[in-house]
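Chains as they are written, first to last, in the working numbering: chain A, 1 to 357; chain B, 358 to 927.
As structure tokens, the structure follows; a few thoughts come after it.
Here it is, written out as structure tokens:
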């Protein structure tokens, strides 16, 4: 299966007087699993539809395999598009769905039969050829939509929130299958979702979109560990955002919080006295012995503790009125945190991200 | 900065279907609707408002100075109101019975209750005369037992009685739809608060169903105003529609009074249609959030029998007379006797062998009109939902207008516009050919197919077409392989409604039939019924009409699969 690269250069799209997408430049390498992640209305689906050819950019250029595609209609772009609603056709059975694109390509009947069987086996739908969409479960409908797209061996696969109509368990299962399919086929995949877990579980790289603009691009772990803006920090995973002021001394970087608390940080490239936000991930907060000699040792009172199986989701209040959400590991041996209890915690400086306010 | 913004629409078109094709289709449809709907109606308006010295209201003033016309206007309003009131008495209890109670055979009652609608009203008029007329079954019985006769069908009273018993299903169907659309939780919430029984009905259920009832009542009103056949059959002419007909047939095409009556008819219908739309617009809130199950009270044993008894009492007056038409069609003599004295098949021989053209013409015209409507309906719906041509909403508006144009008015407009103009290639005016009937039928039923096509195309999500295109199907291939197959059921259902209602259309037919041998079945019935000797044959044609319409309606309801009477909702 030939895999194409997808390039966007300064792409913008106007809806009325409002830029739904602006200045989007991306390059999805052949074989990559690339995710556009963002809240609803951020323009991610519009980007996908422009690539598929159902909307035209008002500015900028889209290239597939290095070739500009302006003016090429959807039916000549040779891309596979899977819709959020699956867009199955109620009047056709499973076999005809999968055979549809092959018939459009005038593939001989015998080969159609063979390739449909292959495609159905690939998604685990053998034996359901004669079913109509209404006779399939949500998960099966999803697989038909995938098989119908993959069977024509498109240059790239575009997926628009494909898992959002499935229940939680099925969603997790389909996530694994999408991963397996991508690994087996090596097809360039552009995935659109608002679900950060999906994005992190599947992607080689993610791009975060907010109000039509790309905010940050990178491998999921990098983006998670080093968010570049407050939006990224908040959208990707949970985060405590603590305002403060940067204080730089010889060989030491600190953030002075309100009420006299300070946090030691590292690797910040901002000037002394800059107002900043400190991003504290809930899982970066660790329990410590009251007399441990570790940086950023804090004394906190447990305000509430919710057991989530494997970990405790706690609300901690610090001296000076600051509250932090923390996720503390729950072990059989350790005592569960109780509301009102006094706790010693520590935050490793390397887990702290400092953003200019 | 107009650059990027202005480019959006044309480029969208370019990728979808070719802007040129769309604009051409739009222009062609607009020209067609303009020529056969807008222009003829405008001419009627022009004649009504034009004197020898330019625009004038003189004709309008003259109308209100003529006692006969004023009486006809009053009678028309009265007939509409009375038919709605009488129809409601029959329809509302039946609606509650069908929508809120569950008993064995409920579906049968529902179907029976819609049946009167499928029988052409003028056929009903004949049937009623046989049963309730001066020398009909009931009066003969009364004379023999009590020595008195009741003039059920004399004058306006007869017209109202026949129309109410014919059109009440409009009220029923729309009220049932509204009742079923009401969220059961609305009733349940009231019940939790201690409201039940009649109070629940009065305080919650009926107010929520009210908009549907109003829509049904106004539809009934429009039909009563439009109905020319019933008054003519019952020989009562002091109503607007028969007056317009008489002016044009006796005084002539140049008499302004006929046109003034037309304008008043249209104003009445448009007003009612507008009010019905508003009522249904308000009904939207009644259907928010509906639960999976309807609340219905199950009736067993004696109470189920009681439900049937109520239904029987309400439906008998509407349904029994139609049994009369069947008997009449098999009778040689049925006069001054309870039932026919001699039975025969001659009447069917007459209409199937001697004058087969009535049935044949009906099939021909109605099929053609339905086919035209399906094509136009699909094209208009496609432009409305998928197109990007500016001003396409105008098509929708124009295609809805015929709902409020009485058949007499359309016929008079066509006579006016096409009479003196020879169609190139044929050498005679359109009104001298049967083509004018097909066009009139097609125009009158166009709103049905536009709505049917619109509703089905709405069900076809755009992404279904887009996924076909991203798999390599061009727009025309997508239309053939995806869109049209998905629309088939809706288009066939809409076409059948157009066919069935065209097959029994009389109000425009009477004026537009060029020669008797070009007349359809409805015209045949009208002609046969003029003489006592022809009544048997007329009834036989009536039975054919009933069969045509019943089978058609049954198929429509099967196809639409949305329950009884889908075809008759606004």
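Heads up, the beta-carbon is just placed ideally off N, CA and C, and yes, glycines get one too.
Remember, predicted model here, so these are calculated numbers, not experimental data.
- Listed in chain order, the non-local C-beta contacts of residue 614 of chain B below 6 Å within the same chain comprise 604, local neighbours out to five positions each way being set aside.
- Counting of Cβ neighbours within 10 angstroms places residue 479 of chain B among the buried residues, the total reaching 16 or more.
- Runs of the beta strand (DSSP E) spanning 3 or more residues and lying entirely within the region 42-129 of chain A occur at 59-64, 80-82, in chain order.
- For a cut-off of 8 Å, the C-beta gap from residue 3 of chain A to residue 245 of chain A is around 49 Å, too long to register as a contact.
- Residues 779 of the same chain have their beta carbon placed closer than 7 Å to that of residue 785 of chain B, with the five preceding and five following residues left out of the count.
- DSSP places residue 240 of chain A inside the beta strand (DSSP E), whose first and last residues are 240-249.
- For residue 580 of chain B, the enclosing alpha helix (DSSP H) starts and ends at 563-583.
- Annotated three-state conformation of residue 818 of chain B is coil, per DSSP.
- Distance from residue 566 of chain B to residue 532 of chain B at the Cβ level is roughly 6 Å; contact confirmed, criterion being Cβ atoms closer than 8 Å.
- Relative to the Cα of residue 527 of chain B, the nearest Cα in the group B/580, B/726, B/590 belongs to B/580.
- If the five residues before and after residue 122 of chain A are omitted, its C-beta is found closer than 6 Å to no C-beta atom of its own chain.
- With a 10 Å radius around the Cβ and a threshold of 16 neighbouring Cβ atoms, residue 689 of chain B comes out exposed.
- Boundaries of the alpha helix (DSSP H) harbouring residue 429 of chain B: 424-457, taken from the DSSP string.
- Neighbours of residue 842 of chain B in chain A, taken as residues whose beta carbon is under 9 Å from its own, are 89, 91, 92 in chain order.
- In the three-state reduction of the DSSP assignment, residue 678 of chain B falls in the helix class, which pools H, G and I.
- Between residue 553 of chain B and chain A, the shortest Cβ-Cβ separation is not below 8 Å.
- Our two residues, residue 135 of chain A and residue 84 of chain A, have alpha carbons roughly 19 Å apart in a direct line.
- Judged by their CB atoms, residue 261 of chain A and residue 324 of chain A are not nearer to each other than the 8 Å cut-off.
- From the beta-carbon of residue 820 of chain B, the residues of chain A found nearer than 7 Å are 83, 85, 87.
- By DSSP's assignment, residue 345 of chain A forms a beta bridge with A/287, A/298.
- Annotation for residue 833 of chain B: the continuous alpha helix (DSSP H) segment containing it runs 832-835.
- With contact defined as three or more Cβ pairs closer than 8 Å, the region 543-563 of chain B and the region 398-412 of chain B are not in contact.
- Taking a contact as a CB-CB distance under 8 Å, the pair residue 517 of chain B and residue 443 of chain B counts as one, their CB atoms being some 7 Å apart.
- By the Cβ rule, the region 195-212 of chain A counts as touching the region 220-229 of chain A, because three or more pairs are nearer than 8 Å.
- For residue 39 of chain A, the number of other beta carbons within 10 angstroms of its own is below 16, and it is reported as exposed.
- Residue 502 of chain B counts as exposed, since fewer than 16 other C-beta atoms from the protein chains shown sit within 10 angstroms of its C-beta.
- From the beta-carbon of residue 514 of chain B, no residue of chain A is found nearer than 8 Å; the closest lies around 52 Å away.
- Contact note: residue 100 of chain A reaches chain B through 825, 828, 830, 838, using a C-beta cutoff of 8 Å and chain order.
- Around residue 834 of chain B, the beta-carbon contacts reaching into chain A at under 9 Å are 75, 104.
- Of B/449, B/458, B/841, B/590, the smallest CA-CA separation from residue 512 of chain B is found for B/590.
- When CB distances to chain B are screened at a threshold of 8 Å, the residues of the region 27-60 of chain A falling below it are 52, 53, 54, 55, 56, 58, 59, in chain order.
- Inclusion of residue 858 of chain B and residue 802 of chain B in the CB contact set at 8 Å is warranted, their separation being smaller than that value.
- When DSSP states are grouped into helix, strand and coil, residue 327 of chain A belongs to the strand group.
- Going by beta carbons, residue 288 of chain A and residue 345 of chain A fall inside the 8 Å limit.
- As DSSP reads the structure, residue 257 of chain A sits in a beta bridge with A/244.
- The distance from the Cβ of residue 115 of chain A to that of residue 151 of chain A is about 6 Å, consistent with a contact at the 8 Å cut-off.
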